[in-house]
Structures are given as C-alpha cells and as structure tokens.
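Pasting the structure below:
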C-alpha cells in the first residue's frame, strides 16, 4: 500500500474501524498468523514481544519473519489517527491501542475472538446454565457478569447472548466500547427459531446511556452492554431490564459484594431509588477465568464461579427485599448457599 493510500485510509477511518490489510510477504504474514499471542507489544524502536494469555508472566520475544511482520503492522497502525482502533493483519483481527511512554509510542494489540464460544463449554455448569436460559428471563431482567481484569466477562456475556437468541429467537443489540468478539448475524436454534443480533460500537463511555435509549426504540428482546461504567448507563440498563428486555452486562469488580453495593450507589447517584435496583436484577455471576494454550488451541477455563440467581430463585422475594437496602452483607449466606447448590449433584436442589 502506497503512502498516499495509507494517508487516505487514515482520514476515511472512524473510531475503531476495521482496517483490512493486504500483506506483501506471505512468509512474514504466515509467521505472524502462527504466533500464539493474546497480547502483542510493539515497543519504541525495533523490539516486539507477546503474552500467550493475559496472566502470562513470560516475555516472548519476536524474531525473524515474525518480527518483520510486526514492524509492518506498526507502520500500518501509525496510519490511524486514533489512540484506540480495530485492525486486521495477516487474517488476525485485533484491537489496537497507542500508549505514549517516556521512550516513545508503544502499540499494544489484543487478539480478537472470532465468534462466540459455545455457552455450554465455558464451565458454568448445567444448573447455572439452565437458570440463565430459563424462559422467565424472556420477560426481562438484568444479568450481570462481574469479575476482575481478564476474568472472562466478555467471553461469557457474548456466549450467553448468542445462546439465548438461539433458544428464544427475536432481536438483539450490543453496545460495546470496543467490540471484542464479532457476533453480529443470524442464529438458528434447534427448534427452528432464529435470533438476529446487531452490534454497535461507541467511542466513549458517555455514549452508552443514549445508545441504550435508542436501542429500546428498535424493539429489542436482548440487549448486551459491553461494560457498565457510568451512573447514567447503569440507570438506563435497569430501566430497560424492567421494561421487558433481557439486559446482559459486564461490570468490573474484584469483590462481588462491594461491586453490588457500588452499582446500587451509582443508580442512586443517577436519581433512582433502591426499588429499581431490587426489581431489575435477575442474576449476578461473579467469576475468574484461566486461559491457556494447548496444542495451538486457546483454552478458556473458569476457575471460580459465584452465582447469585434472583429471578426464579427459591427465595426470590427475600433476596429482592435485601436488595432494597444499602448493606448487602446479609446476602453472603445466600451466595454461599447457591455455591453449594451449584456444585451439588443432587438434581432436586435448585437456586
């Protein structure tokens, strides 16, 4: 690609637009495509290295053809005038970010997952899967996936969203910043129902709330929100959840109880009382994910799952009563009970 073409592409690209790149060197691109990376770091100067998964403590240096390909990728990335963007190189879809360091610009690329993983393969267990896919959720509610950084929240949310549309059909929308898994399309289930999913990418956290309101005009059955970060977005998510829409959202927190309390506070900051919080929540799944490579295949394994199923639970009324308050410590015993139920093989037990 000539310099003028790159320059033109940079000016026609909007935030997070995908750059489709044709590479000249087959050997370099093949070397790049075969790299088992989750995150790739192109440092100021000539060096580059990668992680095989987010928690990888090793620095895997690039050399030879793969390093040349990485340098070519860097040149392509410099054509973007944005600090965050999506790019496809050597057939590998990635999210790119520019980080300014004392030594110069660092480019960090995270590999995109292509398509949702099978929901039943993630390790939530049949009992929790059945609770999340229960028909009662067709009438609305907020299913929240919480966890720390790289805990698999997005992996779980996208897989759950697709599986629900396969099961019950209808129309789904996503609002993400940025899109991390390409899942837009039609999904046909075993019973002949077809769900259709449309993805939307926004440029800032402030756009989430108005985009949620806009999507409600599109008659959604399912709405997936990439991550709840602002009080306005939290409020709009709960309003949608109490208006008959299944809302699937992720929320960053290392502590399940503190996360719930903070979310409740954000809703109050937006001008709504605890009643909306208590009536809108359908389930909260706190999790930690382990990712590893095995025979050139990226394996996702849930190391920890802590469910709080509310809609359809045995003590749904009691749980919602506790959610009306501001101190959720009394719910610890309920979460511990549901964890025991999750791992108990007795089929007569339920959340």
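Numbering (the numbering used here), first residue to last: 424 to 774.
Ideal placement from N, C-alpha and C gives every residue a C-beta, glycine not left out.
Since the model is a prediction, treat every value here as computed from it, not as a measurement.
Compare the Cα-Cα distances from residue 625 to each of 656, 616 and 619 and report the closest residue. 656
For residue 687, which option in 581, 726, 475 and 746 has the closest C-alpha, if you only look at C-alpha atoms? 746
Work out the CA separation of residue 571 and residue 725 for me, nearest whole Å. 13 angstroms
Take residue 630 as the anchor and find which of 607, 641, 601 and 742 has the nearest alpha-carbon. 601
Measure the alpha-carbon distance for residue 771 versus residue 708 and round it to whole angstroms. 22 angstroms
From 749, 706 and 718, pick the residue whose C-alpha is nearest to that of residue 565; which is it? 706
Among 700, 768, 511 and 682, whose alpha-carbon lies nearest the alpha-carbon of residue 752? 682
Here's the rule: buried if 16 or more other CB atoms are within 10 angstroms of the residue's CB, otherwise exposed. What is residue 581? buried
So the candidates are 506, 676, 543 and 749; which of them puts its Cα closest to the Cα of residue 528? 506
Based on the DSSP output, what are the partners of residue 523 in its beta bridges? 528
Would you kindly work out how many angstroms separate the C-alpha atoms of residue 679 and residue 605, rounded to a whole number? 28 angstroms
Check whether the region 538 to 547 touches the region 643 to 651, counting contact only when three or more Cβ pairs, one atom from each stretch, lie closer than 8 angstroms. no
Quick one, are the C-beta atoms of residue 578 and residue 540 less than 8 angstroms apart? yes
Measure the CB-CB distance between residue 608 and residue 592 and report whether it falls below 8 angstroms. no
Tell me where the alpha helix (DSSP H) around residue 684 begins and ends. 679 to 692
Just list the beta strand (DSSP E) runs in the region 575 to 658, keeping only unbroken ones of 3 residues or longer that don't cross its boundaries, in chain order. 593 to 599, 608 to 611, 617 to 624 and 645 to 648
Express the C-alpha separation of residue 523 and residue 644 in angstroms, rounding to a whole number. 42 angstroms
Tell me where the alpha helix (DSSP H) around residue 700 begins and ends. 697 to 703
Assuming residue 654 contacts residue 635 under a Cβ cut-off of 8 angstroms, what Cβ separation, rounded to an integer in Å, is found between them? That belief does not hold up - the Cβ atoms of residue 654 and residue 635 are roughly 13 angstroms apart, past 8 angstroms.
Restricting to Cα atoms, I'd like to know which of 495, 575 and 453 is closest to residue 672. 575
Determine the DSSP secondary structure at residue 733, reduced to helix, strand or coil. coil
Bridge partner(s) assigned by DSSP for residue 674: 569
How about residue 714 and residue 450: do their beta carbons lie closer than 8 angstroms? no
Please report the distance separating the alpha-carbon of residue 750 from that of residue 695. 17 angstroms
I need the boundaries of the alpha helix (DSSP H) containing residue 465, first residue and last residue. Here residue 465 belongs to no alpha helix (DSSP H); instead the beta strand (DSSP E) covers 462 to 465.
Inter-residue CB distance, residue 471 and residue 463 (contact presumed, cutoff 8 angstroms): 7 angstroms
If you count every other CB in all the chains shown that lies within 10 Å of the CB of residue 761, and 16 or more means buried, which is it? buried
What do you get for residue 445, buried or exposed, if any count of 16 or more other CB atoms within 10 angstroms of its CB means buried? Residue placement at residue 445 is flagged as unreliable, the pLDDT there being 45, under the threshold of 50; the coordinate-derived value follows with that caveat. Exposed, since its Cβ has fewer than 16 Cβ neighbours within 10 Å.
Residue 498 versus 458, 731 and 465, residue with shortest Cα-Cα distance: 465
Within a Cβ cutoff of 7 angstroms, which residues of the same chain sit near residue 556, ignoring the five residues on either side of it in sequence? 586, 587 and 590
Using DSSP with H/G/I as helix, E/B as strand and the rest coil, what is residue 470? coil
Status (buried if at least 16 other CB within 10 Å, exposed otherwise) for residue 501: exposed
Quick check on DSSP: helix, strand or coil for residue 668? coil
Would you kindly report the start and end of the unbroken alpha helix (DSSP H) that includes residue 497? 487 to 500
Classify residue 525 as buried or exposed, calling it buried when 16 or more other Cβ atoms lie within 10 Å of its own Cβ. exposed
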